[in-house]
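Chains as they are written, first to last, in UniProt numbering: chain L, 1 to 243; chain F, 1 to 243.
Note that the Cβ used here is the ideal one computed from N, Cα and C, for glycine as well.
Model, not experiment: these values are computed from the prediction.
Notes for the one structure printed next.
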DNA sequence: CACTTCTGTTACAGCGTGTTACGTTGACAT
DNA sequence: ATGTCAACGTAACACGCTGTAACAGAAGTG
C-alpha cells in the first residue's frame, strides 16, 4: 500500500499550511492547491487519493467545483467549511461530497475522517462484492451455504426451500444460542415490513417443523434443532466452518 | 440499481421506528435490529448495504460490535450516538466506522450522510463495471458483452436474442443482488416509458425462463439464475470480468 | 407476400408458505 | 397425584407465486 496523496485546497495560506503540515506529520503526502485549475492540473498529472476542499475560495466556490469534479471523476472529496448550518452541509452532500467537516475542527478528528473515507474507497474497490460463502459441517451433514440443499451423512442430497435455507443460515450463524421467535422472524424478514412480523403467527414453528422433518433422524425427538420451551429454538450440534 | 437495504440497530424502539420510517419514506428498505446476534443473522441471510449502528445498546456496545464486524465484513457502518465528544467520535472512526452521527440529528442530514457513504461504496465497487465491460466469465461460460451470444463450457456457441442479452447484462451488472421484476423491467426499458412497465405482465418470467433453458444445465433446477420467491431474480454465480 | 424469429399474454398446474385447528406435552399450583 | 393452562407439534387447508405450454402479434428477412 503506497502512501496516500491528498490535495489540500484552501485559499487561506495559513490554513493550507496548517493542514498540510498536520497531514504530513501523519504519513500523508499533502499537495497544496487553491483553485479549480490547480486541482485539475494535479488530477491529470498524477494519482490523487483524496481532496480536502474548502467551500469558500475567494471568487470560486467549493460546492460548484465538487459538483463538476463528480461528473467526471470518482476521487473522494471532503468539503471543509466554516459554514456549518445543516442546509449548507446538505448542499455539500448533494453534490457528491464524501464528508463535510466544519471549521474549526479537531485535527485528530479530521485525520480520522480522512482515513475513514479513504478506507471505504479502498475497501470497496479492491475486493468488489466478493461473496462470502462458507461450508458448514454438523453431525455428518454438509451445507454448502450457497445452494439450497445439503448433503446427508449417508450421501443423499436433501433439497431445502429458500425459506428453510434462510432459517438454517440464521441458526448456523448463532450456534448454541437460544433464538426467540421474534429474533428469527426479524432475521428472516426480507421486506422490513414491521407489520408483517406481528402477523406471522406460528409460521416459524411450521418452518422449524419442516426443517426438522428433513434433517433430523427422528423428527419426533429432535437432537440438533431443539426447542427451548418459553424461549424459542436453539441449534445444538457441533458445527465446523470452512473457508 | 436495486433498492438499498439498511439495517437499523438501536435498542430504543421509538428511535428505531423513527429511523426506519424515515428511511422507508425515502425509498430505502429498513430492517430493524437490536443486538449483535440479529445483525449477524441478517448479514448471513441476505444482502445488507449499510448498517446504522447505535453506540449504546443496553449491555452491548456499538463500538465493539463495529470492531468485530470490521474484521470479517466490508459492510458500510455508520455509528449513531448521543455521545458526541471528539474522543468518542474518534473511537468510532478508529474501529472502522464510515461515519459517526451525533444524536439528536437532522433527519435530512442523516439521509444525506447515508447516501454519501453508500455512494462512495457503490462508486468504488462498480468501477470494474463502469469500464467498458468486455468479457464476463461465469461457471465456464464466456460472455463477450458486445455480441448476442455466448460460449458454453463445452465450447458450443449459444445464440441469444436481443432481449435475453439485455437481461443477462442487467444480471451480470448486479451480481448476487436480488432484483425485483420492476427493477429489471425499468433497467431493460430503453424508452423510459413508465406506463409500459406496468403492462409488462409476466414477460420477465418468460424471459428468465427462456434464458434459463439456454444456459442452465438443468433448467428445472436453476443454479445460476435463481428465483427469490416474492422478490424477483438473482444471478448467483461467481463472475469474473476482464478488461 | 410467405416465412421465420422474437416477444408478450393467457391459462393452468404445481409448489411454497402462512393460518387454523386440534392434540400433546410440560410446568406449576393445589 | 391431579387439574389447569400455556406452549408446542403438526395435519389439513387456503392462497398466492412461479414455471411453462400454447397461442398471438410484432418485427424482421427473403
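Residue 243/L is not bridged by DSSP to any residue.
Residue 80/F has 54/F, 101/F as its beta-bridge partners, per DSSP.
With contact defined as three or more Cβ pairs closer than 8 Å, the segment 67-76 of chain F and the segment 25-33 of chain F are not in contact. In terms of Cβ geometry, residue 231/F and residue 178/F form a close pair [threshold 8 Å]. Residues of chain L with a Cβ closer than 7 Å to the Cβ of residue 42/F are, in chain order, 187. Look at the beta carbons and you see the segment 2-13 of chain F not touching the segment 153-170 of chain L: under three pairs across the two are nearer than 8 Å. In this structure, residue 216/F and residue 224/F form a Cβ contact; the two beta carbons are roughly 6 Å apart against a cut-off of 8 Å. In the DSSP assignment, residue 159/F falls within the unbroken beta strand (DSSP E) covering 157-159. Annotation for residue 187/L: 170 place their beta carbon closer than 6 Å to its own, counting only its chain and skipping 5 residues before and after. The segment 30-43 of chain L and the segment 77-84 of chain L do not touch, with fewer than 3 CB-CB distances between them shorter than 8 Å. Taking 8 Å as the threshold, the shortest C-beta distance from residue 93/F to chain L falls below it. DSSP places residue 137/L in the strand class (E or B) of the three-state scheme. Neighbours of residue 90/L in chain F, taken as residues at a C-beta separation under 7 Å, are given in chain order as 108, 109, 112.
Judged by DSSP in its simplified three-state form, residue 48/L adopts coil rather than helix or strand.
Scanning chain L for C-beta atoms nearer than 8 Å to the C-beta of residue 163/F yields nothing, as the closest lies near 25 Å away. Out of 72/F, 235/F, 51/F, the CA that lies nearest to the CA of residue 115/F is found in 51/F.
Excluding residues up to 5 positions away in sequence, 11 lie with their Cβ nearer than 6 Å to the Cβ of residue 34/L in the same chain.
Interface residue (Cβ-Cβ distance to chain F less than 8 Å): residue 61/L is not classified as such. Proximity of residue 9/F to chain L, defined by a Cβ-Cβ separation below 8 Å, is not satisfied. Per DSSP, reduced to three states, the secondary structure at residue 176/F is coil, with no helix or strand assignment.
Residue 53/F and residue 98/L have their C-alpha atoms some 19 Å from each other. For residue 177/L, the C-beta contacts it makes with chain F under 7 Å involve 37, in order along the chain.
Residue 117/F and residue 78/F do touch by the CB rule: their CB atoms are close to 6 Å apart, below 8 Å.
Residue 71/F and residue 18/F have their C-alpha atoms roughly 30 Å apart. At the C-beta level, residue 172/F and residue 160/F stay beyond 8 Å of one another. The residue from 204/L, 237/L, 229/L with its alpha-carbon nearest to that of residue 181/L is 204/L.
In chain F, no part has a C-beta under 8 Å from the C-beta of residue 55/L; the shortest such distance is about 15 Å. Taking C-beta separations shorter than 6 Å and ignoring five residues to either side along the sequence, the partners of residue 121/F in its chain run 76, following chain order.
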